[in-house]
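Asks: After the C-alpha cells below, expect a handful of questions from me.
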Amino acid sequence: MADKIEEAPVSEKLTDDIDGCVSSKTTSDENGNDNSNDNESPEPYFAPKVHLPIVVVNTMEDNEDVLVELRARIYRYDDSDDEPEFKERGTGVVKILHNKKTDLYRILMRRDKTLKICANHHIQSSMELNPHNNSQKVFVYSTLADLYEGEITPETFAIRFSGPENATIFKNAFDDAVTNIKRKEKEQQLKKLDEVDCLTKDLENVNIIENKNDEKQKDED
Numbered sequence: 001m002a003d004k005i006e007e008a009p010v011s012e013k014l015t016d017d018i019d020g021c022v023s024s025k026t027t028s029d030e031n032g033n034d035n036s037n038d039n040e041s042p043e044p045y046f047a048p049k050v051h052l053p054i055v056v057v058n059t060m061e062d063n064e065d066v067l068v069e070l071r072a073r074i075y076r077y078d079d080s081d082d083e084p085e086f087k088e089r090g091t092g093v094v095k096i097l098h099n100k101k102t103d104l105y106r107i108l109m110r111r112d113k114t115l116k117i118c119a120n121h122h123i124q125s126s127m128e129l130n131p132h133n134n135s136q137k138v139f140v141y142s143t144l145a146d147l148y149e150g151e152i153t154p155e156t157f158a159i160r161f162s163g164p165e166n167a168t169i170f171k172n173a174f175d176d177a178v179t180n181i182k183r184k185e186k187e188q189q190l191k192k193l194d195e196v197d198c199l200t201k202d203l204e205n206v207n208i209i210e211n212k213n214d215e216k217q218k219d220e221d
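With full-length UniProt numbering applied, the sequence shown covers 1 to 221.
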C-alpha cells in the first residue's frame with residue numbers, strides 16, 4: 001500500500017492561477033490584526049424563526065484514505081474535431097484515494113467553488129503517467145473508464161500542477177499505487193496457479209485409486 005503523503009500546512013494556500021507561483025497566506029493575515037472594533041458595543045442578536053435541520057452530505061469518500069491532495073488543472077483529449085486537442089475540464093483539488101477494504105486506488109478531482117466532479121476513475125495496473133512535451137509539471141495518462149456526469153467513457157487526460165514539486169508528489173503516489181496493484185494481481189495469479197496444482201494433484205490421486213480398485217476387481221474375478 002502506498003505510504004500516506006503529508007499535505008502542506010493548512011495555513012498555506014495556492015493562488016487561483018495554476019500557472020503562477022505559489023503564494024503563502026497565513027491565517028493571521030486573513031483574519032487581520034485590526035482590533036479597533038473590540039471596544040464597540042455588540043450588534044443586537046435576533047434568533048431565527050425557522051430552524052433548518054443539519055444535512056449530512058455523503059461525499060462517497062468515507063471509506064477511503066487520502067494519499068495525495070493537490071491543486072491542479074485537468075484537460076481531456078478531444079479528437080471529435082478535425083484538429084484534436086486537449087480541452088480544459090476543470091481546475092480544483094485532485095486526490096488519490098485508497099480504499100482499505102477493497103484495496104482499490106482512485107483519482108478524484110472536484111472543481112473549485114462548485115465542487116462538481118471533473119475526474120473520477122480507478123488506477124489500473126496498465127496505466128502510466130508520462131511527461132507532456134518533456135514538461136516537469138504536466139503529465140498525460142489514459143483510463144478505460146472515467147465516470148463523468150453519469151457516463152463512463154475511456155479518456156486521455158493531461159493534468160497540470162503549479163510546479164515540479166507538486167507534480168513529483170503526485171507521480172510518486174500514482175506510481176506506488178500502480179506497483180501495489182501489480183503486486184496484488186501477481187499474488188492472485190500465483191494463488192490461482194496453486195489452486196489449479198492442488199486440483200490437478202487431487203484428480204491424479206483419484207485416478208490412482210480408481211486404477212487400483214479396477215486392478216483389484218480383476219484379480220478377484
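Glycine included, C-beta positions come from ideal geometry on N, C-alpha and C.
Quick check: the Cα distance between N180 and I169, rounded to an integer number of angstroms?
Replies: Residue mapping note: residue 180 aligns to position 180 of the sequence shown, counting from 1. Residue mapping note: residue 169 aligns to position 169 of the sequence shown, counting from 1. Spanning the two alpha carbons is a distance of roughly 17 Å.
Asks: Kindly identify the DSSP beta-bridge partner or partners of V138.
Replies: For the purposes of this step, residue 138 is taken as the residue at position 138 of the sequence shown. According to DSSP, which records beta bridges pairwise, V138 is partnered with R160.
Asks: Hey, how far is the Cα of V196 from the Cα of Q189?
Replies: For the purposes of this step, residue 196 is taken as residue 196 along the sequence shown, with counting starting at 1. For the purposes of this step, residue 189 is taken as residue 189 along the sequence shown, with counting starting at 1. The alpha-carbon atoms of V196 and Q189 are separated by roughly 11 Å.
Asks: Are the Cβ atoms of I96 and V178 separated by less than 8 Å?
Replies: In the sequence shown, residue 96 corresponds to position 96, counting from 1. In the sequence shown, residue 178 corresponds to position 178, counting from 1. The answer is no: Cβ separation not under 8 Å.
Asks: Please classify residue 224: does DSSP put it in a helix, a strand, or coil?
Replies: Any answer about residue 224 is impossible in this case: the structure gives the chain only from 1 up to 221.
Asks: Who pairs with T91 in a beta bridge, going by DSSP?
Replies: The residue given as residue 91 occupies position 91 in the sequence shown. The partner list for T91 (beta bridge, DSSP) reads R73.
Asks: If we ignore side chains and look at the alpha-carbon of each, how far apart do T91 and Y75 end up?
Replies: Here residue 91 corresponds to residue number 91 of the sequence shown, with the count starting at 1. Here residue 75 corresponds to residue number 75 of the sequence shown, with the count starting at 1. Their Cα atoms are separated by approximately 9 Å.
Asks: Tell me the DSSP secondary structure of N172 in three-state form.
Replies: Taking the first residue of the sequence shown as position 1, residue 172 is located at position 172. It is helical.
Asks: Any chance the region 147-156 sits against the region 98-105, with 3 or more Cβ pairs inside 8 Å?
Replies: No, they do not touch.
Asks: Relative to the C-alpha of P164, which residue among F174, V138 and E149 is closest?
Replies: Start at 1 with the first residue of the sequence shown, and residue 164 comes out as number 164. The candidate whose alpha carbon is nearest that of P164 is V138.
Asks: What residues match up with I117 in a beta bridge as DSSP calls it?
Replies: Translated into positions along the sequence shown, residue 117 becomes position 117. Answer is R110, bridged to I117.
Asks: Apart from the five residues just before and just after L129, which ones in its own chain have a Cβ nearer than 6 Å to its Cβ?
Replies: Along the sequence shown, read from residue 1 onward, the residue named residue 129 stands at position 129. Excluding sequence neighbours, L129 sits near F139, Y141, K171 and F174.
Asks: By DSSP, does E195 sit in helix, in strand, or in coil?
Replies: Sequence index remark: in the sequence shown, residue 195 carries index 195 (1-based). Three-state result, E195: helix.
Asks: Output needed for E30: all residues of its chain with C-beta closer than 6 Å, excluding positions within five of it in sequence on either side, in chain order.
Replies: Start at 1 with the first residue of the sequence shown, and residue 30 comes out as number 30. Its pLDDT being 44, under 50, E30 is placed unreliably by the model, and the measurement read from it follows with that caveat. Cβ within range, chain order: n/a, list empty.
Asks: Please report the distance separating the alpha-carbon of L203 from that of L193.
Replies: Stepping through the sequence shown from its first residue, residue 203 is reached at position 203. Stepping through the sequence shown from its first residue, residue 193 is reached at position 193. Looking at the two C-alpha atoms, the distance is approximately 15 Å.
Asks: Please classify R160 as buried or exposed, where buried requires at least 16 neighbouring CB atoms within 10 angstroms.
Replies: Along the sequence shown, read from residue 1 onward, the residue named residue 160 stands at position 160. With 16 or more other Cβ atoms within 10 Å, it is buried.
Asks: If I'm right that N120 touches L147 with Cβ under 8 Å, what's the distance once you round it to whole angstroms?
Replies: Working through the sequence shown from its first residue, we reach residue 120 at position 120. Working through the sequence shown from its first residue, we reach residue 147 at position 147. That pair is a contact at about 5 Å.
Asks: Can you say whether M109 is buried or exposed, counting buried as having 16 or more other CB atoms within 10 angstroms of its CB?
Replies: Within the sequence shown, numbered from 1, the residue matching residue 109 stands at position 109. The residue in question, M109, is buried, as its Cβ has 16 or more Cβ neighbours within 10 Å.
Asks: Rounding to the nearest angstrom, what Cα-Cα distance links M60 and R106 in this structure?
Replies: Within the sequence shown, residue 60 is the residue found at index 60, counting from 1. Within the sequence shown, residue 106 is the residue found at index 106, counting from 1. Each residue's Cα considered, the two are about 12 Å apart.
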